[in-house]
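Chemist:
Protein chains in written order, with this note's numbering: chain X, 20 to 396; chain F, 508 to 794.
(1) Curious, which full-length alpha helix (DSSP H) runs of at least 4 residues does the segment 681-760 of chain F contain?
(2) Quick one: is residue 343 of chain X near chain F, going by C-beta distance under 8 Å?
(3) Using the rule of at least 16 other Cβ atoms within 10 Å of the residue's Cβ for burial, across every protein chain shown, is residue 198 of chain X buried or exposed?
(4) Kindly list, in the order they appear in chain X, the residues whose Cβ is closer than 8 Å to that of residue 513 of chain F.
(5) What residue range is occupied by the uninterrupted alpha helix (DSSP H) comprising residue 144 of chain X?
(6) Any chance the segment 139-154 of chain X sits against the segment 120-131 of chain X, with 3 or more Cβ pairs inside 8 Å?
(7) Is the beta carbon of residue 236 of chain X closer than 8 Å to that of residue 759 of chain F?
(8) What's the gap between the Cα of residue 685 of chain F and the Cα of residue 515 of chain F?
(9) Counting only Cβ pairs nearer than 8 Å, list the residues of chain F close to residue 270 of chain X.
(10) Relative to the C-alpha of residue 718 of chain F, which residue among X:250, X:248, X:258 is closest?
(11) What would DSSP say about residue 49 of chain X, mapped onto helix, strand or coil?
(12) Under a three-way DSSP split, which group does residue 376 of chain X fall into?
(13) Using the three-state DSSP reduction, which class does residue 793 of chain F fall into: helix, strand or coil?
(14) Which class does residue 508 of chain F belong to by DSSP, given the choice of helix, strand or coil?
(15) Would you tell me roughly how many angstroms separate the C-alpha atoms of residue 69 of chain X and residue 115 of chain X, rounded to the nearest one?
(16) For the segment 691-704 of chain F against the segment 578-595 of chain F, do three or more pairs of beta-carbon atoms, one drawn from each stretch, fall closer than 8 Å, so that the two count as touching?
(17) Rounded C-beta distance between residue 57 of chain X and residue 102 of chain X? I'm assuming under 8 Å.
(18) Quick one: using the 10 Å Cβ neighbour count with 16 as the cut-off for buried, is residue 413 of chain X buried or exposed?
(19) For chain X, is any of its Cβ atoms less than 8 Å away from the one on residue 516 of chain F?
(20) In chain order, which alpha helix (DSSP H) runs of at least 4 residues are fully inside the segment 593-669 of chain F?
(21) Listed in chain order, which residues of the segment 85-119 of chain X have Cβ atoms closer than 7 Å to some Cβ of chain F?
(22) Classify residue 385 of chain X as buried or exposed, calling it buried when 16 or more other Cβ atoms lie within 10 Å of its own Cβ.
(23) Taking Cβ to Cβ, would you say residue 377 of chain X is nearer than 8 Å to residue 298 of chain X?
(24) What residue does the beta strand (DSSP E) around residue 57 of chain X start on, and which one ends it?
(25) Output needed for residue 171 of chain X: all residues of its chain with C-beta closer than 8 Å, excluding positions within five of it in sequence on either side, in chain order.
(26) Compare the Cα-Cα distances from residue 754 of chain F to each of F:509, F:545, F:510, F:524 and report the closest residue.
(27) Taking its Cβ as the centre, do 16 or more other Cβ atoms sit within 10 Å of residue 276 of chain X, making it buried, or is it exposed?
(28) Measure the alpha-carbon distance for residue 43 of chain X versus residue 332 of chain X and round it to whole angstroms.
(29) Would you say residue 736 of chain F and residue 528 of chain F are within 8 Å of each other, going by their C-beta atoms?
(30) Using the three-state DSSP reduction, which class does residue 191 of chain X fall into: helix, strand or coil?
(31) Between which residues of its own chain and residue 520 of chain F is the CB-CB distance below 6 Å, once the five residues before and five after are set aside?
(32) What in chain X is Cβ-close to residue 645 of chain F, meaning under 8 Å?
(33) Where DSSP assigns a beta bridge to residue 294 of chain X, which residues make up the other side?
(34) Terminal residues of the continuous beta strand (DSSP E) containing residue 369 of chain X?
(35) Excluding the five sequence neighbours on either side, which residues of its own chain have a C-beta within less than 7 Å of the C-beta of residue 118 of chain X, listed in chain order?
(36) 8 Å is my cut-off, CB to CB: does residue 759 of chain F come that close to chain X?
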């Protein structure tokens with residue numbers, strides 16, 4: 020009887036050891052995988068805004084490869100998990116849930132006002148750091164305590180553009196062609212407020228749907244109002260807009276924000292003459308050379324912008340690991356606020372709150388080239 | 508000046524929309540099926556023309572080839588999708604869902620092959636400008652105008668003066684009687700889909716030449732065209748065509764009193780308004 024009991028205990032212990040071995044075999048690779056730091060990325064890889072989205076993706080991939088080639092962050096390799104949102108809020112929410120629920124990412128890098136605003140409440144609820152590399156809608160300022168904007172918001176940018184239009188271009192009247200969505204309407208209001216505050220007059224404001232490319236009727240109405248300048252706040256389709264300006268032989272000064280800053284728009288002969296805003300973000304020669312070697316062309320504007328944004332994430336992650344804390348959204352947020360000032364490509368990126376502060380450049384497109392005109396503080 | 512510009516632009520847009528409405532009316536009035544996949548044929552037509560242009564073919568040849576491919580797709584849809592369903596006594600709703608499925612397949616196939624990014628046509632005749640009085644107008648717009656009028660004349664002529672047209676009218680009027688009279692409604696219906704699909708390739712190519720191509724844009728155009736078709740009375744070529752022009756002109760002229768963001772709302776408001784007073788359509792006989 021006693022022997023039977025011993026046998027039972029013996030086999031029970033063997034079972035426990037075996038189960039433990041099996042468990043450690045199953046869990047082992049997962050632990051090894053956890054050594055990687057996962058960073059979620061949600062960008063328009065396809066769709067109308069994919070030109071900018073692919074610039075951003077290229078920069079992120081390059082930066083992560085550079086860090087991993089140097090051994091990663093404290094020995095941890097970085098893994099980018101990239102999802103395509105076509106710049107649509109609904110697809111962004113699906114991608115956010117997938118990355119946070121299935122892949123358990125503590126941080127997501129994204130852009131575009133509509134998608135980021137849609138993801139902001141989820142970031143708060145799930146305590147995931149949401150780093151906005153490019154969107155500038157004013158509502159982003161306080162959309163979530165976990166949302167950090169790496170560019171000044173549209174209010175500041177368009178204030179600079181309105182100031183330039185009045186003080187340097189000596190315009191007195193302006194019209195606004197805006198995209199009727201979460202990004203376009205605040206921009207319309209910000210430009211109109213800044214322009215009228217400086218003594219200018221807004222003579223017409225015309226809204227168009229997102230992704231519209233037939234602006235003829237709206238341009239005809241704007242032309243009838245005879246403004247000195249027209250500010251176009253659309254996300255894409257600048258070549259078509261510029262072509263329709265030419266068709267109607269419109270001679271007013273043409274203004275745009277950073278959205279026009281894509282090679283397809285700058286390279287189109289019809290856009291020559293456009294003034295637009297940009298952020299001073301120059302790639303150092305060695306970085307530009309590495310980018311050119313890999314992709315075959317110079318580092319574009321949105322690429323530089325997102326390279327900057329990812330450096331912020333990596334610096335915050337570095338601090339969290341150095342402090343022996345788990346890499347969670349909460350800890351990353353605390354680290355980001357504690358660091359405050361980050362070294363960007365062309366100078367410091369300062370976070371006094373949720374939004375970065377930096378100077379704003381005014382550029383002009385001249386025969387396929389983007390020429391700097393002035394830097395507004 | 509502004510009035511004239513908005514008017515001319517509205518007429519041009521209306522002709523493009525009217526051609527889509529004509530093709531859709533031809534199909535709907537004959538088959539009584541809401542052929543949603545027509546939006547897919549519309550989009551595919553432009554992509555095919557873009558492809559043929561990329562192969563170095565001249566513009567008109569590319570458009571003709573694209574239209575012929577659309578014609579084949581339209582006929583095949585009826586022959587291999589709708590006819591088997593109808594023979595199994597599927598309800599019109601089931602056929603419409605099948606059509607919706609086909610639309611999704613076409614759009615997603617286009618997105619997979621060509622990517623969902625905007626594709627711009629190479630600069631050909633579409634970009635040159637002529638002055639119509641004080642109003643500048645592109646060749647593509649002039650062609651849109653001519654195409655709309657020709658499509659209307661062609662369909663009216665087909666319906667009134669050809670044997671096929673008479674058969675189409677007979678099938679549209681009563682398919683059962685047409686069968687008894689040995690007018691072969693099945694074959695007639697295949698022709699209807701083929702002609703409708705051929706016609707819809709023309710406006711899609713012109714729209715794409717001016718504003719670029721997108722895989723998922725067809726349904727929006729079909730929605731506007733179906734408003735014109737329904738508001739005109741579901742079977743009148745004249746009604747569908749001229750109501751398309753009227754809606755496009757009014758949508759444009761609304762800009763004289765309203766900001767641009769209201770222009771789409773104006774179209775739907777006009778539709779609701781018309782339906783309240785003429786629920787059977789403007790060009791339908793009172794029932």
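For every residue, glycine included, the Cβ atom is placed at its ideal position computed from N, Cα and C.
Nothing here was measured: the structure is a model prediction, and the numbers come from that model.
Modeler: Considering the structure as presented:
(1) 682-687, 692-718, 725-739, 744-760
(2) Sequence index remark: in the first chain, residue 343 of chain X carries index 324 (1-based). No - not a single Cβ of chain F is within 8 Å of the one on residue 343 of chain X.
(3) Taking the first chain and counting its residues from 1, one reaches residue 198 of chain X at position 179. Per the 10 Å Cβ criterion, buried.
(4) Taking the second chain and counting its residues from 1, the one referred to as residue 513 of chain F is at position 6. Here the neighbours are 236, 239, 240.
(5) Here residue 144 of chain X corresponds to residue number 125 of the first chain, with the count starting at 1. Unbroken alpha helix (DSSP H) run through residue 144 of chain X: 132-145.
(6) yes
(7) Counting from one through the second chain, the residue named residue 759 of chain F turns up at place 252. Counting from one through the first chain, the residue named residue 236 of chain X turns up at place 217. Contact flag set, yes.
(8) Translated into the one-based positions of the second chain, residue 685 of chain F becomes position 178. Translated into the one-based positions of the second chain, residue 515 of chain F becomes position 8. Going by the C-alpha atoms only, they are around 43 Å apart.
(9) Within the first chain, numbered from 1, the residue matching residue 270 of chain X stands at position 251. In chain order: nothing, as chain F lies at least about 13 Å away.
(10) Reading the second chain from its first residue, position 211 is the one you call residue 718 of chain F. The option with the nearest alpha carbon to residue 718 of chain F is X:258.
(11) Counting from one through the first chain, the residue named residue 49 of chain X turns up at place 30. Low local confidence applies: a pLDDT of 38 at residue 49 of chain X is under 50, so the model's placement there is unreliable, and no value is given.
(12) The sequence position of residue 376 of chain X within the first chain is 357, counting from 1. The answer is strand: DSSP assigns residue 376 of chain X an E or B state.
(13) Here residue 793 of chain F is taken as the residue at index 286 of the second chain, counted from 1. Because residue 793 of chain F sits at a pLDDT of 46, beneath the cut-off of 50, its placement in the model cannot be relied upon, and the point is left open.
(14) Residue mapping note: residue 508 of chain F aligns to position 1 of the second chain, counting from 1. Residue state, collapsed to three classes: coil.
(15) On the first chain, residue 69 of chain X is found 50 positions in, with the first residue counted as 1. On the first chain, residue 115 of chain X is found 96 positions in, with the first residue counted as 1. Roughly 18 Å between the two C-alpha positions.
(16) yes
(17) Start at 1 with the first residue of the first chain, and residue 57 of chain X comes out as number 38. Start at 1 with the first residue of the first chain, and residue 102 of chain X comes out as number 83. Rounded, the Cβ-Cβ distance is 12 Å, inconsistent with contact.
(18) With chain X covering 20 to 396 only, the question about residue 413 of chain X has no answer from this structure.
(19) For the purposes of this step, residue 516 of chain F is taken as residue 9 along the second chain, with counting starting at 1. Yes, because at least one Cβ of chain X sits closer than 8 Å to the Cβ of residue 516 of chain F.
(20) 599-621, 646-668
(21) 105
(22) Against the first chain, residue 385 of chain X aligns to sequence position 366. Answer is exposed; the Cβ neighbour count stays below 16.
(23) Residue 377 of chain X sits at position 358 when you count from the first residue of the first chain. Residue 298 of chain X sits at position 279 when you count from the first residue of the first chain. Against a cut-off of 8 Å, the Cβ pair of residue 298 of chain X and residue 377 of chain X comes out as a contact.
(24) To locate residue 57 of chain X, count along the first chain from 1; it is residue 38. Unbroken beta strand (DSSP E) run through residue 57 of chain X: 56-62.
(25) Counted from its first residue, the first chain places residue 171 of chain X at position 152. Contacts found: 155, 298, 374, 375, 376, 377, 379.
(26) Here residue 754 of chain F refers to the residue found at position 247 when the second chain is read from its first residue. It is F:524 whose Cα lies nearest to the Cα of residue 754 of chain F.
(27) The sequence position of residue 276 of chain X within the first chain is 257, counting from 1. Result: buried.
(28) Residue mapping note: residue 43 of chain X aligns to position 24 of the first chain, counting from 1. Residue mapping note: residue 332 of chain X aligns to position 313 of the first chain, counting from 1. At residue 43 of chain X the pLDDT is 44, less than 50, meaning the model places this residue with poor confidence and gives no usable figure here.
(29) For the purposes of this step, residue 736 of chain F is taken as residue 229 along the second chain, with counting starting at 1. For the purposes of this step, residue 528 of chain F is taken as residue 21 along the second chain, with counting starting at 1. Contact flag set, yes.
(30) The count along the first chain starts at 1 and reaches residue 191 of chain X at position 172. Reduced to three states, the DSSP call for residue 191 of chain X is coil.
(31) If you number the second chain from 1, residue 520 of chain F lands on position 13. Counting only Cβ-Cβ distances below 6 Å, and skipping sequence neighbours, we find 755.
(32) As a first step, residue 645 of chain F must be located in the second chain, where it is residue number 138. Simply 266.
(33) In the first chain, the residue the question calls residue 294 of chain X occupies position 275. Paired residue(s): X:274, X:383.
(34) The sequence position of residue 369 of chain X within the first chain is 350, counting from 1. From DSSP, the beta strand (DSSP E) with residue 369 of chain X extends over 366-370.
(35) The residue you call residue 118 of chain X lines up with position 99 of the first chain. 59, 100, 102, 124, 127.
(36) As a first step, residue 759 of chain F is located in the second chain; it is residue number 252 there, counting from the start. Answer yes: the Cβ-Cβ gap between residue 759 of chain F and chain X drops below 8 Å somewhere.
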